[in-house]
Amino acid sequence: MGKKYDVIIIGAGPAGLMTAKTAAERDLKVLVFDKKKNISRIKRTCSAAFYFESNYMGETTQFEDNKLIFKNNGFTVDFSGSYWPIKEKYGFSPRGNKWHMVRFANEDYTRDTPLSVVLDKEALLAGLLAEAKNLGVTVMNAAQGRKIENTARGVEVEIYEDGRYARFEGAKAIVADGTNSKMVESMGLNKNRKVLGSRAMFVEYVMEGVENPFSHAVLNFYGKKIRELGSVHVWPNAKGFTRVLGFNNLTFRADFQYPEKAVQYFITESPYATWFKKAKVIEKTGGSLLPRAAIREPFAENILVIGDAAALIEVENQGALMCGFKAGNAVYDELNGLAGYKNYVEWWKHSFEFNNPELLKGMAVIPTLKVGEYSDEDIDYLFSLIDGQDLYGTCSQYRSGKAVWEAILQHRDTIAKEKPVLYEKVQKVMDLISGQL
Ligand SMILES: Cc1cc2nc3c(=O)[nH]c(=O)nc-3n(C[C@H](O)[C@H](O)[C@H](O)COP(=O)(O)OP(=O)(O)OC[C@H]3O[C@@H](n4cnc5c(N)ncnc54)[C@H](O)[C@@H]3O)c2cc1C
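Under this note's numbering, the first residue of the sequence shown carries the number 328, and numbering increases by one thereafter.
If you want it as structure tokens, here you go:
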């Protein structure tokens, strides 16, 4: 057994590294390890947009002077890597009718504030890692957490590194190993967690030489052909190169196709294939996730679970940084006899929308347009009703789908008159979001 740490952190993503930095700033003895050899290298797809969205996850972020600012939670993160503004979002029907979102000014943001900026996530992680190391954090790479348990003296973590097992002892531990967390499984915390749907798979190509006329936009594509294979989203990375993301949760189907097929269809056969005539793939990432209900009380004695490891689907990078900041301080409080973990859990429950069943309804609306209930003609017609209009721009995964429906439903009387069969389907959506309009 090695020396004893105040806190051992499993996973060095944005949540784990932010915890390490915050705890070290408060003079705690910190060990953080990650199974990756190169900790700041991104292998799992992440579009890395940093969202400017009022009261999203209980925060209203800003980005100024190379600082990501979290004013409600009271901290900043230095960031001097590349970034690329996203100013608009589009959804295209099979025939090219579209919805279009832009920034509306409010008390937090002006009309010129982009909806988000895509960050160079490798630079973000490298910056946090360097800061943690400078503060004296012990960092182990290529070290995989296998088991974690509470003991009479604190916690013990078993890791697998370089062909052998080793055990480390700490007073406290933070589990930050991301979605599909092995540590959460080993703690038995998945037992009462509802699985919501089927496993989702995703793949992303970063491409150069794409003739994409929408260099500062997020593009979503709808229609039967794409939906049979998954969904496709196109947007820039931090340097402005085009990315094509293929995503599906059709793993339950006997004729399941990997989302790579959706990407291949899109860049070689779809009406948008001409954009990709001279394109070259320069990077590929991918991954999978099994959506589980969030853990509402994510701690067991000395062990606190944070970030994606405890979430429904994801907390996003900005949520992960918030979790890390809060967790670093919570550990400090715990070691000083205060109820750090309990306070963290209260914050967790109130900050994240997925802990609020009412807000989840907004999310339930999103798939309604995706799952094939609507024919290509339906989608062409519905989007034609709002084509040419600027919709309230939002990046929130809870509000985006709802914002499109709200605009479409302004035309409910026309739909009822012109398309009575389609109106029956649309009525279901109205029921779902009634009271929220
Ligand atoms: C397709 C896709 C697009 C996304 N786009 C965005 C976006 O645009 N904006 C945004 O903010 N977020 C986005 N996200 C979400 C974002 O990537 C995550 O929410 C965020 O990375 C969560 O941070 P985390 O630190 O909790 O987990 P992770 O970033 O997953 O970090 C976990 C770390 O733990 C390590 N690890 C795992 N298991 C072990 C183990 N057993 N032992 C040791 N180490 C281990 C991993 O190697 C990793 O470094 C996207 C996610 C996906 C899937």
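Glycine included, each C-beta is placed from N, C-alpha and C at the ideal position.
The alpha helix (DSSP H) enclosing residue i, as first and last residue numbers
{"i": "Y672", "result": "Just to set this straight, residue 672 is Val in the shown sequence, not Tyr. Looking at the DSSP string, the run of the alpha helix (DSSP H) that includes V672 is 667-678."}
{"i": "V522", "result": "Where V522 is concerned, there is no enclosing alpha helix (DSSP H), given that its DSSP letter is neither H nor E."}
{"i": "E745", "result": "739-745"}
{"i": "L709", "result": "703-713"}
{"i": "M510", "result": "509-514"}
{"i": "F495", "result": "F495 -> not in any alpha helix (DSSP H); beta strand (DSSP E) instead, spanning 491-502."}
{"i": "F379", "result": "That residue, F379, is in no alpha helix (DSSP H); it is neither H nor E in DSSP."}
{"i": "V653", "result": "Strictly speaking, residue 653 in this sequence is Lys, with Val absent from that position. Taken as a continuous stretch (DSSP letters only), the alpha helix (DSSP H) holding K653 covers 643-662."}
{"i": "I594", "result": "586-595"}
{"i": "L344", "result": "341-352"}
Nearest to residue i (by Cα), restricted to the options the options
{"i": "R570", "options": "S374, I413, S597", "result": "S374"}
{"i": "R371", "options": "G505, V608, K744", "result": "G505"}
{"i": "A637", "options": "W675, G664, L662, D333", "result": "W675"}
{"i": "K362", "options": "T478, N393, E485, F431", "result": "E485"}
{"i": "N517", "options": "A621, T440, E661", "result": "A621"}
{"i": "P598", "options": "K566, N539, K348", "result": "N539"}
{"i": "S409", "options": "I735, N433, L452, S678", "result": "L452"}
{"i": "V731", "options": "R619, A350, S420", "result": "S420"}
{"i": "E624", "options": "D489, P412, Y671, K552", "result": "Y671"}
{"i": "M428", "options": "S727, D582, V753", "result": "S727"}
{"i": "L523", "options": "D707, L456, F377, L616", "result": "L616"}
{"i": "P441", "options": "S711, F390, S407", "result": "F390"}
{"i": "L546", "options": "V537, G338, V561", "result": "V561"}
{"i": "K474", "options": "V445, N468, G490, K509", "result": "K509"}
{"i": "M528", "options": "K552, T612, A627", "result": "T612"}
{"i": "K566", "options": "P618, P684, R353, L446", "result": "L446"}
{"i": "K653", "options": "S367, I501, Q471", "result": "I501"}
{"i": "K414", "options": "L355, E386, F379", "result": "F379"}
{"i": "E643", "options": "A581, F583, C722", "result": "C722"}
{"i": "R430", "options": "Q471, A457, S381", "result": "S381"}
{"i": "P586", "options": "T595, N576, N656", "result": "N576"}
{"i": "V590", "options": "P412, A600, D758", "result": "A600"}
{"i": "K552", "options": "L455, Y701, E751, E610", "result": "Y701"}
Host beta strand (DSSP E) of residue i (start-end)
{"i": "F390", "result": "388-391"}
{"i": "S443", "result": "443-446"}
{"i": "S615", "result": "607-616"}
{"i": "L395", "result": "394-397"}
{"i": "F360", "result": "357-360"}
{"i": "W732", "result": "Careful: W732 lies outside any beta strand (DSSP E), inside the alpha helix (DSSP H) at 727-736."}
{"i": "I413", "result": "410-413"}
{"i": "K425", "result": "425-429"}
{"i": "D405", "result": "402-405"}
{"i": "A527", "result": "527-535"}
Distance CB(residue i)-CB(residue j) smaller than 7 Å
{"i": "K448", "j": "I335", "result": "no"}
{"i": "L646", "j": "T346", "result": "Correcting the residue type first, residue 646 is Gly in the shown sequence and not Leu. No, they are not a contact pair."}
{"i": "V533", "j": "F568", "result": "yes"}
{"i": "F574", "j": "G557", "result": "yes"}
{"i": "V658", "j": "V511", "result": "no"}
{"i": "T578", "j": "R526", "result": "yes"}
{"i": "L736", "j": "V404", "result": "no"}
{"i": "E680", "j": "Y725", "result": "yes"}
{"i": "Y436", "j": "A544", "result": "no"}
{"i": "K331", "j": "E496", "result": "yes"}
{"i": "S678", "j": "M384", "result": "yes"}
{"i": "S443", "j": "A376", "result": "yes"}
{"i": "N629", "j": "V482", "result": "yes"}
{"i": "E661", "j": "G667", "result": "yes"}
{"i": "N468", "j": "K364", "result": "yes"}
{"i": "V756", "j": "I742", "result": "no"}
{"i": "K607", "j": "E535", "result": "yes"}
{"i": "N424", "j": "D703", "result": "no"}
{"i": "F548", "j": "V559", "result": "yes"}
{"i": "R422", "j": "D707", "result": "yes"}
{"i": "D333", "j": "A498", "result": "yes"}
{"i": "N393", "j": "F406", "result": "yes"}
{"i": "A503", "j": "G634", "result": "yes"}
Residues bridged to residue i (per DSSP)
{"i": "S558", "result": "F574"}
{"i": "N547", "result": "G418, H560"}
{"i": "G472", "result": "I486"}
{"i": "N477", "result": "V482"}
{"i": "V335", "result": "Note on identity: in this sequence residue 335 is Ile, with Val being the wrong assignment. The partner list for I335 (beta bridge, DSSP) reads L358, A500."}
{"i": "T721", "result": "Answer by DSSP bridge pairing: none, since T721 is not bridged."}
{"i": "M467", "result": "F360"}
{"i": "F626", "result": "L631"}
{"i": "R371", "result": "G613"}
Contact with chain B by residue i, beta-carbon distance below 7 Å
{"i": "S374", "result": "In summary, chain B is missing from the structure at hand, where a single protein chain is found."}
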